[in-house]
Amino acid sequence: MIICPNCGKENQDHYKFCLGCGARLPGGAPASVPPRASHTPAGTQITPPVAPQTSGGTVIDPPKPPAGKAPAPATSAPSFAAATPPAEAAQNGCNACGMVNPQGFLFCGRCGNRLSAAPVTPPPAAVPPPITARPSARPKLRAALHLLREDGSDGGTIDLEDGPIPFGRDSGPPFDQDFYLNPKHCAFTVEAEGVRVDDLSPVNGVYRKIEGRIELQHGDTFRVGQELLYYEDLPEAEALADGTERMGSPNPGYWGRISVIVDGGRACEAVPIVGNEFIVGRERGDLTFPTDGYVSSTHCRIGGDDEGVFLEDRGSSNGTYLRVRSGQCVPFGSLLLIGQQLFHVRQS
Numbered sequence: 001m002i003i004c005p006n007c008g009k010e011n012q013d014h015y016k017f018c019l020g021c022g023a024r025l026p027g028g029a030p031a032s033v034p035p036r037a038s039h040t041p042a043g044t045q046i047t048p049p050v051a052p053q054t055s056g057g058t059v060i061d062p063p064k065p066p067a068g069k070a071p072a073p074a075t076s077a078p079s080f081a082a083a084t085p086p087a088e089a090a091q092n093g094c095n096a097c098g099m100v101n102p103q104g105f106l107f108c109g110r111c112g113n114r115l116s117a118a119p120v121t122p123p124p125a126a127v128p129p130p131i132t133a134r135p136s137a138r139p140k141l142r143a144a145l146h147l148l149r150e151d152g153s154d155g156g157t158i159d160l161e162d163g164p165i166p167f168g169r170d171s172g173p174p175f176d177q178d179f180y181l182n183p184k185h186c187a188f189t190v191e192a193e194g195v196r197v198d199d200l201s202p203v204n205g206v207y208r209k210i211e212g213r214i215e216l217q218h219g220d221t222f223r224v225g226q227e228l229l230y231y232e233d234l235p236e237a238e239a240l241a242d243g244t245e246r247m248g249s250p251n252p253g254y255w256g257r258i259s260v261i262v263d264g265g266r267a268c269e270a271v272p273i274v275g276n277e278f279i280v281g282r283e284r285g286d287l288t289f290p291t292d293g294y295v296s297s298t299h300c301r302i303g304g305d306d307e308g309v310f311l312e313d314r315g316s317s318n319g320t321y322l323r324v325r326s327g328q329c330v331p332f333g334s335l336l337l338i339g340q341q342l343f344h345v346r347q348s
């Protein structure tokens, strides 16, 4: 072995440069080379060349076969493609002389050329498991019903969250003493634009204060002061299937009818609508209620045009309330009359 005088690393005898630092190595002891054999007569044993000893000692001749015996003919070994051992695949090849050096050597052991770093194959990137998209939780919708007393003061709050939330006489005080309420009168569901009202009452319903003019349909009920009014369409009379016409008073152009509903849900008075409008009031109009102090002088009007029939408040003091059709969404800011309770719908 040759020890590098520069870094002290041990190198094999036939290396010219140190594998550790690349410095030139001093010459090692030359291996003994056997003399070339001259012409050998037949029947004699040929001494094969001896490989140099790696430990740096003398060359030892192999033992000779017994005299008189001819050497066995050399048998050619089958040729196989040399497979590269796993360790060799990880070694560095010198760009100058082609010598394969062990992994980690910085300089070639034959010519001293600096070796390039072996490419490091990065490990395969870990493939993250597929992420199952989960539906994001929808934020809860909230609203509130503020109870208004007769003097306009706040009488308490009913908080609403999503829904449906039932409401009625079963909701407890003070509503348990309002016998215009059913035990389960209606249900509220909060939506983005307001509160949906599902009418569960077969009798008294839920009423909303109208703003401006609103469509009026056949069978709608509305409240004016303490009065409950019912609207019906009066279409033109048609003959029966066999051509027979019904008898009746001449029709001057009636197209609708307003009926007054008294206690018990019975109609006691009906007034036909003719012309472009129909006025309801305490003092002036086509239908008047002179003894109802909650009805304004000219309270509301009903009109008809090519777009249909509409109900319009005329700036009354106490407002006009139209019964909410079940499943309708009332916007935030609306006033609801349920039984004898007046609520203001607000967004939380």
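Mapping to the UniProt record's numbering: the sequence shown position 32 is 32, numbers consecutive.
The beta-carbon is built from N, C-alpha and C at its ideal position, and this holds for glycine as well.
In this text the structure is predicted, and so the values were computed from the model without any measurement.
DSSP state of residue i, grouped into three classes?
| i | result |
| --- | --- |
| ASN11 | strand |
| ASP151 | coil |
| GLN177 | helix |
| SER116 | coil |
| CYS329 | strand |
| SER136 | coil |
| residue 354 | With the chain covering 1 to 348 only, the question about residue 354 has no answer from this structure. |
| residue 353 | What is shown of the chain runs 1 to 348, which leaves residue 353 out entirely. |
| ARG242 | The identity of residue 242 in the sequence shown is Asp, whereas the question assumes Arg. Coil. |
| ASP220 | coil |
| PRO5 | coil |
According to the Cβ coordinates, are residue i and residue j closer than 8 Å?
| i | j | result |
| --- | --- | --- |
| GLU232 | GLY256 | yes |
| LEU287 | VAL274 | no |
| LEU229 | VAL262 | no |
| VAL190 | ASP199 | no |
| residue 416 | GLY308 | Nothing can be reported for residue 416: it is not among the residues displayed for the chain, which extend from 1 to 348. |
| HIS299 | GLY327 | no |
| GLY264 | VAL203 | no |
| LEU181 | GLY339 | yes |
| ASN101 | ASN92 | yes |
| ARG169 | ASP178 | yes |
| ILE302 | PHE278 | yes |
| GLN226 | ASP292 | yes |
| LEU19 | GLY109 | yes |
| GLU161 | LYS184 | no |
| GLY8 | LEU106 | no |
| ASP13 | ILE3 | no |
| ALA137 | ILE165 | no |
| VAL345 | VAL324 | no |
Bridge partners for residue i per DSSP, in chain order?
| i | result |
| --- | --- |
| ILE165 | PHE188 |
| HIS344 | HIS146 and LEU335 |
| PRO129 | Its beta-bridge partners do not exist; DSSP assigns none. |
| ILE210 | BP columns for ILE210 are empty, so no partner. |
| GLY194 | PRO331 |
| GLU236 | Partner(s): none; GLU236 has no beta bridge. |
| PHE107 | ARG114 |
| TYR231 | ILE258 |
| LEU160 | ALA143 |
| ALA199 | Checking the sequence shown, residue 199 turns out to be Asp, not Ala. DSSP, once it has assigned bridges, lists CYS186 as partnering ASP199. |
| ASN101 | ASN92 |
My understanding is that residue i touches residue j, with C-beta atoms under 8 Å, so please give their C-beta distance in whole angstroms.
| i | j | result |
| --- | --- | --- |
| ALA143 | SER348 | 6 Å |
| ARG208 | TYR321 | 6 Å |
| GLY155 | LEU148 | 6 Å |
| GLY212 | GLU150 | Not confirmed; about 25 Å, so no contact. |
If we require 4 or more residues per run, which alpha helix (DSSP H) segments fall completely within the UniProt domain "FHA" (262–322)?
none
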